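The opening residue of the sequence shown carries number 4 in our numbering; numbering runs sequentially from there.
Built from N, CA and C at the ideal position, the CB exists for glycine as well.
Every value quoted in this text rests on a predicted model; they were computed, and no experiment measured them.
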Amino acid sequence: MPKQVPVRIAGAQIPCTPIVKDNVEHIKKAIDYAVENKCDYLVTPEGALSGYDHGGLAATSFGIDPFDNLSELEDGLKAVEAYAKDKVGLCLGTLWKEKERFGDVGRNQIRFYAKDGQLRGATNKSFCINPQDLPFMEHDTDKDGLFAWKLGDETFQFNVVGLVCNDMWGHGMSGHKAICWHAKQQYNMGGRQDLQLFVHSTNGFRGNGKKMETLFNNWHHAHLTMMSWLSDVPIISVDNCYHMDGTEYHGQTSSESGVIVKGEFVTEVPRTGTQYFYHDFFGVTYE
Numbered sequence: 004m005p006k007q008v009p010v011r012i013a014g015a016q017i018p019c020t021p022i023v024k025d026n027v028e029h030i031k032k033a034i035d036y037a038v039e040n041k042c043d044y045l046v047t048p049e050g051a052l053s054g055y056d057h058g059g060l061a062a063t064s065f066g067i068d069p070f071d072n073l074s075e076l077e078d079g080l081k082a083v084e085a086y087a088k089d090k091v092g093l094c095l096g097t098l099w100k101e102k103e104r105f106g107d108v109g110r111n112q113i114r115f116y117a118k119d120g121q122l123r124g125a126t127n128k129s130f131c132i133n134p135q136d137l138p139f140m141e142h143d144t145d146k147d148g149l150f151a152w153k154l155g156d157e158t159f160q161f162n163v164v165g166l167v168c169n170d171m172w173g174h175g176m177s178g179h180k181a182i183c184w185h186a187k188q189q190y191n192m193g194g195r196q197d198l199q200l201f202v203h204s205t206n207g208f209r210g211n212g213k214k215m216e217t218l219f220n221n222w223h224h225a226h227l228t229m230m231s232w233l234s235d236v237p238i239i240s241v242d243n244c245y246h247m248d249g250t251e252y253h254g255q256t257s258s259e260s261g262v263i264v265k266g267e268f269v270t271e272v273p274r275t276g277t278q279y280f281y282h283d284f285f286g287v288t289y290e
């Protein structure tokens with residue numbers, strides 16, 4: 004008979020700026036929170052380490068080197084990896100340049116680390132938004148399918164699928180199948196329960212007027228709640244609390260950070276400023 008194993012996951016609604024060293028400090032504080040609350044993993048927003056537009060127009064205004072110069076990001080990643088190692092696992096949002104079979108490729112990704120610091124894998128954004136995301140190659144779900152990353156160990160199963168921002172709600176504009184539904188068909192059909200959680204790191208547009216903020220909020224909320232209901236898989240979602248370009252912002256986030264189970268938010272995370280939260284999910288062991 005299957006037996007449930009608790010997995011505590013923290014979320015960090017934190018500022019994401021083009022200044023990597025500042026982002027590292029925000030992430031370290033979130034790691035401290037996760038450790039203090041005995042969490043197994045920490046989820047950050049999209050671009051938490053790099054900022055949303057590292058090397059682009061917004062970064063240029065801050066005097067940042069272009070994306071081809073990875074030294075700042077590499078140093079920041081090493082600092083975060085070292086700080087988290089043997090303390091907490093990470094689901095870390097960042098821009099990155101990967102060495103792939105056809106050369107160096109810019110990716111917008113979530114990097115999944117086990118508590119011991121081992122990189123379990125990375126989910127690359129599938130539904131990029133032009134023109135900001137043009138330097139980054141999309142993950143082709145039609146050609147390459149979806150990847151579930153194993154965040155459990157040899158004693159229990161806890162598999163997650165990552166979604167980066169528009170991957171949650173952009174399928175309607177791109178003509179693709181919804182990733183949550185695609186994942187359910189790939190992993191959880193026919194009585195199988197091979198997928199335990201969707202990890203959604205986002206960084207949505209905000210501060211664009213009351214009417215548009217209301218429309219975007221309703222759009223985001225509907226997708227988060229309906230996708231958790233249709234897939235019957237919990238979702239943890241975390242947004243940036245600043246503007247997308249990394250400038251300070253005191254309004255509400257573009258989407259609600261928190262945990263959604265069976266169509267309902269089971270958390271009450273404030274929509275403004277830096278916020279931390281955690282929730283107990285469950286992996287499965289078979290005896």
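The alpha helix (DSSP H) runs lying completely inside the region 153-210 and spanning 4 residues or more are 169-172, 174-177, 182-190, given in chain order.
The three-state secondary structure of leucine 218, taken from DSSP, is helix.
The beta carbons of tryptophan 184 and serine 129 sit about 13 Å from each other, so the pair does not count as a contact at 8 Å. In the three-state reduction of the DSSP assignment, leucine 80 falls in the helix class. Contact between the region 163-175 and the region 197-210 is present, with at least three C-beta pairs closer than 8 Å.
According to the DSSP assignment, lysine 102 belongs to the beta strand (DSSP E) that extends over 92-103. Glycine 266 and arginine 11 have their alpha carbons spaced roughly 20 Å apart.
By the Cβ criterion, the region 241-251 is in contact with the region 13-32, since at least three pairs of Cβ atoms, one from each stretch, lie closer than 8 Å. Taking the Cα positions, alanine 151 is about 5 Å away from valine 163.
Contact between leucine 200 and valine 241 is ruled out by a C-beta separation of about 13 Å, above the 8 Å threshold. Within the DSSP bridge table, the entry for aspartate 107 names Lys102 as partners. One Cα belongs to glycine 286, the other to glutamate 157, and the distance between them is close to 12 Å. Beta-bridge partners of leucine 45 (DSSP): Ala13, Leu93.
In its chain, beyond the 5 residues on either side, Lys100, Glu101 have a beta carbon closer than 8 Å to the beta carbon of aspartate 107. Listed in chain order, the non-local C-beta contacts of valine 23 below 7 Å within the same chain comprise Leu52, Ser53, Glu75, Leu76, Gly79, local neighbours out to five positions each way being set aside. About 31 Å separates the Cβ atoms of glycine 109 and phenylalanine 280, ruling out a contact at the 8 Å cut-off. Between the alpha carbons of valine 262 and glutamate 271 lies a gap of roughly 9 Å. In this structure, DSSP gives aspartate 283 an extended state, which the three-state scheme calls strand.
Contact annotation: glutamate 84 and glycine 120 have beta-carbon atoms nearer than 8 Å. The continuous beta strand (DSSP E) containing valine 264 extends over residues 261-264.
The residue among Val264, Gln7, Asp56, Lys81 with its C-alpha nearest the C-alpha of glutamate 28 is Lys81. Taking the Cα positions, proline 48 is about 33 Å away from tyrosine 289.
Alanine 37 and proline 5 have their alpha carbons spaced roughly 28 Å apart. Histidine 179 is positioned such that its CB atom lies closer than 8 Å to that of threonine 144.
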